[in-house]
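Undergrad: Following this message is one structure expressed as structure tokens.
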Amino acid sequence: MDFKLHFTHMLPSVVFSYKTLVVLKLAFTRVAYISSVDFPLLKILHLFSVSFSGDLDLSQLLPGCPNLEDLEAKGVACKIKGKFNRLPELVRASIDGHFPLEIVKDVEVLFIDWIYHQNLDFEFQNLVQLKLTLGLRKDWFGVLEVLKHCPKLQTLVIYISNKVFYSSDDEGHEEVVWQYPQIIPACISLHLKTCCLEGYKGSADELQFERYITSKRNSFHCTQYTS
């Protein structure tokens with residue numbers, strides 16, 4: 010089931026009780042008040058610019074999808090107030106930086122539009138493939154901080170975007186000179202096989218990051234793709 014309503018109509022809540030549904034994709038959609046979610050067979054859930062009416066929050070929505078394997082959630086206007094239960098079958102997720110990372114901490118493949126200073130008090134124990142999008146600020150130290158929590162990572166893709174990911178912490182920010190961290194993320198020294206920089210422009214900070222990665226692991230090649 011695939012809905013693109015461009016906010017012109019309200020999606021009825023009855024859709025969330027279709028017990029035989031396997032794939033649900035919603036884009037530019039408003040969803041009416043939902044009392045419960047029951048998707049026992051749902052494998053794929055993609056939400057793009059979706060707003061939910063009423064008091065539904067993600068801690069109510071996702072547990073109704075116990076067999077979910079593929080989750081995409083970007084621009085989701087939904088309350089987040091409850092405790093999240095683990096999604097045991099989830100292996101792939103594509104999210105924006107405002108989505109709670111704890112929900113996707115057990116995935117094997119993760120695509121994310123940066124991480125807005127979320128507290129990483131857990132590790133991505135199963136993660137083997139990660140794609141991060143960096144804005145103009147290009148927080149390479151933040152990238153390394155994330156990698157510290159991905160001990161089994163094998164493939165890293167960093168997309169260098171012209172988009173500005175703004176937060177109040179960016180005010181008065183001055184670019185710092187690279188200083189190699191003393192603690193090397195375990196995935197770099199043990200497991201990382203591929204590192205790819207998309208949108209590469211050859212700036213000084215990009216070169217420094219590339220040299221840091223390649224100097225810590227000699228058995229792989231760091232590739233660059235210019236925009």
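Note that the sequence shown covers residues 10 to 236 in our numbering. All residues carry an ideal CB built from backbone N, CA and C; glycine is no exception. No experiment lies behind these values; they were computed from the predicted model shown.
How many Å lie between residue 60 and residue 80 at the Cα?
TA: 16 angstroms
Undergrad: If I measure Cβ to Cβ from residue 169 and keep anything under 6 angstroms in the same chain, skipping five residues before and after, which residues do I get?
TA: 143 and 208
Undergrad: In its own chain, which residues sit with a C-beta less than 7 angstroms from the C-beta of residue 147, not counting the 5 before and 5 after it?
TA: Cβ within range, chain order: 169 and 214.
Undergrad: One question on the structure: do residue 156 and residue 121 come within less than 8 angstroms of each other, judged by their Cβ atoms?
TA: no
Undergrad: Express the C-alpha separation of residue 90 and residue 44 in angstroms, rounding to a whole number.
TA: 16 angstroms
Undergrad: Below 8 angstroms on the Cβ atoms is my contact criterion, and I expect residue 37 with residue 13 to pass it. Report the Cβ-Cβ distance as a whole number of Å.
TA: The C-beta distance from residue 37 to residue 13 rounds to 6 angstroms, short enough to meet the 8 angstroms contact threshold.
Undergrad: Can you tell which of 133, 46 and 68 has the C-alpha that lies nearest to the C-alpha of residue 119?
TA: Checking every option, the nearest Cα to that of residue 119 belongs to 133.
Undergrad: What are the boundary residues of the alpha helix (DSSP H) that residue 225 is part of?
TA: 213 to 225
Undergrad: Would you mind listing the alpha helix (DSSP H) stretches within the segment 38 to 84 that are 4+ residues and don't spill past its ends, in chain order?
TA: The segment 38 to 84 contains these whole alpha helix (DSSP H) runs: 67 to 70.
Undergrad: Only counting the same chain, and skipping five residues up and downstream in sequence, which positions put a Cβ closer than 6 angstroms to that of residue 46?
TA: 25, 70 and 73
Undergrad: With 16 other CB atoms within 10 Å as the buried threshold, where does residue 82 fall?
TA: buried
Undergrad: Quick one, are the C-beta atoms of residue 23 and residue 50 less than 8 angstroms apart?
TA: It is not a contact, given that the beta carbons lie outside the stated cut-off.
Undergrad: Is it right to say residue 114 is buried, meaning 16 or more other beta carbons lie within 10 angstroms of its own, or is it exposed?
TA: buried
Undergrad: Excluding the 5 residues preceding and the 5 following residue 95 in the sequence, name in chain order all residues of the same chain whose CB lies nearer than 8 angstroms to its CB.
TA: 115
Undergrad: Quick check: the Cα distance between residue 194 and residue 158, rounded to an integer number of angstroms?
TA: So the two alpha carbons sit approximately 8 angstroms from each other.
Undergrad: I'd like to know whether the C-beta atoms of residue 39 and residue 16 end up nearer to each other than 8 angstroms.
TA: yes
Undergrad: Distance, Cα to Cα, residue 98 vs residue 160?
TA: 20 angstroms
Undergrad: Are there 16 or more other CB atoms within 10 angstroms of the CB of residue 102, so buried, or fewer, so exposed?
TA: buried
Undergrad: At the level of alpha carbons, what is the spacing between residue 85 and residue 109?
TA: 11 angstroms
Undergrad: Figure out for me which residue from 106, 218, 66 and 231 has the closest Cα to the Cα of residue 201.
TA: 231
Undergrad: According to DSSP, is residue 167 helix, strand or coil?
TA: The DSSP-derived three-state label of residue 167 is strand.
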